[in-house]
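Student: The sequence shown: position 142 = 142 (the UniProt record's numbering), numbered continuously. Ideal Cβ placement from N, Cα and C applies to all residues, glycine included. Only a predicted model underlies this, so the values are computations on that prediction, with no experimental measurement involved. Structure in structure tokens, see below.
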Amino acid sequence: MAVTAKRNRWSTASVLSRQLSSATDTTVSRQTVYRRLEHIGLYARRPVRCVPLTATHCRLRLTWSREHALWAPQQWSSVMFSDESRFSLQSDSCRTLIWRAPGTRCDESVRNLSTNLLRHLSGEYKFAFISNQLQKENVYSVHGKLDGLFRKDRITFGGIFPRIWKLAQVILIPKVNEFRVPHLDNLRCISLLPALGKCLEKLFVNRISWYLRRGDILSSDQYGFTPHKSTEDALLRLNEIVKRGKKKHLHSILISLDIKGAFDNAWWPCILNLLKKAEIPINIFSLVADFLNDRVAKMQLGSTSAIRCLERGCPQGSVSGPIFWNIIINDLLSKLNNLACCEIIAFADDILVCSQGRDISKTFLHAQEALNFASDWSKILNWNLILIKPDSWLLKTKRLL
Numbered sequence: 001m002a003v004t005a006k007r008n009r010w011s012t013a014s015v016l017s018r019q020l021s022s023a024t025d026t027t028v029s030r031q032t033v034y035r036r037l038e039h040i041g042l043y044a045r046r047p048v049r050c051v052p053l054t055a056t057h058c059r060l061r062l063t064w065s066r067e068h069a070l071w072a073p074q075q076w077s078s079v080m081f082s083d084e085s086r087f088s089l090q091s092d093s094c095r096t097l098i099w100r101a102p103g104t105r106c107d108e109s110v111r112n113l114s115t116n117l118l119r120h121l122s123g124e125y126k127f128a129f130i131s132n133q134l135q136k137e138n139v140y141s142v143h144g145k146l147d148g149l150f151r152k153d154r155i156t157f158g159g160i161f162p163r164i165w166k167l168a169q170v171i172l173i174p175k176v177n178e179f180r181v182p183h184l185d186n187l188r189c190i191s192l193l194p195a196l197g198k199c200l201e202k203l204f205v206n207r208i209s210w211y212l213r214r215g216d217i218l219s220s221d222q223y224g225f226t227p228h229k230s231t232e233d234a235l236l237r238l239n240e241i242v243k244r245g246k247k248k249h250l251h252s253i254l255i256s257l258d259i260k261g262a263f264d265n266a267w268w269p270c271i272l273n274l275l276k277k278a279e280i281p282i283n284i285f286s287l288v289a290d291f292l293n294d295r296v297a298k299m300q301l302g303s304t305s306a307i308r309c310l311e312r313g314c315p316q317g318s319v320s321g322p323i324f325w326n327i328i329i330n331d332l333l334s335k336l337n338n339l340a341c342c343e344i345i346a347f348a349d350d351i352l353v354c355s356q357g358r359d360i361s362k363t364f365l366h367a368q369e370a371l372n373f374a375s376d377w378s379k380i381l382n383w384n385l386i387l388i389k390p391d392s393w394l395l396k397t398k399r400l401l
């Protein structure tokens, strides 16, 4: 209960009582919650929110005080100061109580929570500018507000992804530690994205994954970016295929397809078209469409910086990149499975095509048919820049050629 109160400081004693009762099947009153939290030094206190006074306010107050300096105590007894007393004509005063320890009234984190955070949480899209540092300082407070932020009509249901979250700071990381001549092939471009934007990405990625798995749309031949599957499962599947072929005295041809620059060349219209075919709900589809629109990447090397508008690709470091790639490659996997005498094993952007048969010439024709189909598929989806590099092995019944 203490941990819950610290994580979500807006929780009321009644809410904490209900949560404890549902978890332990023990009825606990609201007053008991107050007393137990008081024993560990947590009290229901309001965050500090002071009224800023300008020079004009101070001058007017001083003038008013001088004019009433000769008032008698009887006259002052009928005066109320609206900036020191709070009045409410409604049943709800709209005051927010938080759980905090004594002596933290003027703590820096509480001041940030009451001024910066609450100011950002009010108004359209202002919360999008909350810095990562402010989120770290008020991690428990922000955690309790995220659900309300993302459920606003203009975001989740309105299909609007804040533009400030579309800016990616690109950093270059060498793929190997040894020295090489600087070249893009030797560097990994990692995109640093806003934390709140990645939280919103995670929300719609979870929803998309749930819809795709519920409809059994994703291919079972994909072992990358898939729950409960790994490289070991893909190798076991390959071992099973080869052993089965040897047992039946079949020739096996393995073709490895390596798609170069797969994530960098992911075509956005293709992603949206496949999501529409999967009948994703319109609010999630609109959010993804806005997410893929007007994206910007910024990179700085020394004193030189460059900004570029993106038209394709899944940023490395993003939450949605893996699911978007699985959606794209799923179209190819489902079509390759329809070819005769071919089995497919995929791990992310690496594809292994296995063709088996008793007649070695027909087996080669089936393998070539799969290779030609993959090449034509990449051109149809406007992937002319993507190179498919095949490596092939011929496994006979007794030896490897």
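(1) Threshold first: 4 residues or longer. Then list the alpha helix (DSSP H) segments lying entirely within the stretch 169-251, N to C.
(2) So, residue 403 versus Q222, is the Cβ gap smaller than 7 Å?
(3) Put F364 into one of helix, strand or coil per three-state DSSP.
(4) If you draw a straight line from the C-alpha of L196 to the C-alpha of L336, how long is it?
(5) Mind pulling the alpha helix (DSSP H) runs of 4 or more residues that sit fully within the stretch 285-360?
(6) Could you tell me the alpha carbon to alpha carbon distance between A5 and L257, rounded to whole angstroms?
(7) Would you call the CB atoms of S219 and L332 closer than 7 Å?
(8) Do C341 and A370 come within 7 Å of each other at the CB atom, strictly closer than that value?
(9) Measure the C-alpha to C-alpha separation of Y34 and D25 and round it to an integer number of angstroms.
(10) Report the three-state DSSP secondary structure of D258 (helix, strand or coil).
(11) Give me the DSSP bridge partner(s) of L167.
(12) Opposite W267 in the DSSP bridges: which residues?
(13) With a cut-off of 8 Å on the beta carbons, I'd call I352 and L238 a contact; round off their distance for me.
(14) Taking the Cβ atom as the reference point for each residue, do I173 and R188 lie within a distance shorter than 7 Å?
(15) Return the Cβ separation of D290 and F204 in integer angstroms, given the expectation that the two are a contact with Cβ distance under 8 Å.
(16) Give the straight-line distance between the Cα atoms of G175 and A266, rounded to the nearest whole angstrom.
(17) Given this structure, state the Cα-to-Cα distance separating S65 from A23, to the nearest angstrom.
(18) By how many angstroms is the C-alpha of L193 removed from the C-alpha of Y211?
(19) Grab the span of the alpha helix (DSSP H) containing V15 for me, first residue to last.
(20) Classify E279 as helix, strand or coil using the three-state DSSP reduction.
(21) Three-state secondary structure (DSSP) at P73?
(22) For my contact list, S21 and V28 are in at a C-beta cut-off of 8 Å; report their separation, rounded to the angstrom.
(23) Could you tell me whether the stretch 306-313 touches the stretch 358-372, where touching means 3 or more Cβ pairs closer than 8 Å?
(24) How big is the Cα-Cα spacing for Y43 and S11?
(25) Can you name, in chain order, every residue of its own chain whose Cβ lies under 8 Å from the Cβ of Q316, other than the five neighbours on each side?
(26) I need the DSSP call for F373, collapsed to helix, strand or coil.
(27) In the DSSP assignment, find the alpha helix (DSSP H) that holds S65 and state where it starts and stops.
(28) Going by DSSP in three states, V33 sits in which element: helix, strand or coil?
(29) Secondary structure at N273, three-state DSSP: helix, strand or coil?
(30) Taking the C-alpha atoms as reference points, what is the distance between E38 and A234?
(31) For V170 versus A297, is the C-beta distance shorter than 7 Å?
(32) Just to check my reading of the structure: I284 and R207 have Cβ atoms closer than 8 Å, yes? What is that Cβ distance to the nearest angstrom?
(33) Using three-state DSSP, classify V28 as helix, strand or coil.
(34) When the Cα atoms are used, what is the spatial distance from S252 to L339?
(35) Look at the alpha carbon of T56 and the alpha carbon of K198, and state the distance between them as a whole number of angstroms.
Tutor: So, from the data block:
(1) Listed in chain order, the alpha helix (DSSP H) elements of length 4 or more contained wholly in the stretch 169-251 are 195-214 and 231-247.
(2) Because the chain is modelled from 1 through 401, residue 403 falls outside the range shown and cannot be assessed.
(3) DSSP places F364 in helix when its eight states are reduced to three.
(4) Their backbone Cα atoms lie some 39 Å apart in a straight line.
(5) With a minimum length of 4 residues, the continuous alpha helix (DSSP H) runs that stay inside the stretch 285-360 are 321-336.
(6) Each residue's alpha carbon lies about 53 Å from the other.
(7) In this structure, S219 sits away from L332, with a CB-CB distance that is not shorter than 7 Å.
(8) No, they are not a contact pair.
(9) Spanning the two alpha carbons is a distance of roughly 19 Å.
(10) DSSP places D258 in strand when its eight states are reduced to three.
(11) Note: L167 is bridge-paired with V296 in the DSSP secondary-structure output.
(12) Answer is R312, bridged to W267.
(13) Per the sequence shown, residue 352 should be read as Leu rather than Ile. With a Cβ gap of about 7 Å, L352 and L238 count as contacting.
(14) In this structure, I173 lies near R188, with their beta-carbon atoms less than 7 Å apart.
(15) That belief does not hold up - the Cβ atoms of D290 and F204 are roughly 11 Å apart, past 8 Å.
(16) Looking at the sequence itself, residue 175 is Lys, so the reference to Gly does not match. Distance between K175 and A266, taken at the CA atoms: about 21 Å.
(17) If you take the alpha carbons of S65 and A23, they lie about 58 Å apart.
(18) The alpha-carbon of Y211 is positioned some 26 Å away from that of L193.
(19) That run of the alpha helix (DSSP H) goes A13 to T24.
(20) The answer is coil: DSSP assigns E279 none of H, G, I, E or B.
(21) The three-state reading of DSSP puts P73 in helix, counting H, G and I together.
(22) Their Cβ separation, rounded to whole angstroms, is 6 Å, which keeps S21 and V28 in contact under 8 Å.
(23) No, the stretch 306-313 does not touch the stretch 358-372.
(24) CA-to-CA, the gap between Y43 and S11 works out to about 12 Å.
(25) Same-chain partners within the cutoff: R188, C189, I190, S191 and F263.
(26) Collapsing the DSSP output to three states places F373 in a helix.
(27) Note, S65: alpha helix (DSSP H), A55 to E67.
(28) In the three-state reduction of the DSSP assignment, V33 falls in the helix class, which pools H, G and I.
(29) Three-state result, N273: helix.
(30) Cα to Cα, E38 sits roughly 55 Å from A234.
(31) Going by C-beta atoms, V170 is nearer than 7 Å to A297.
(32) Right, the Cβ-Cβ distance comes to about 5 Å (below 8 Å), so this counts as a contact.
(33) Residue state, collapsed to three classes: coil.
(34) Distance between the alpha carbons of S252 and L339 is about 15 Å.
(35) Their backbone Cα atoms lie some 44 Å apart in a straight line.
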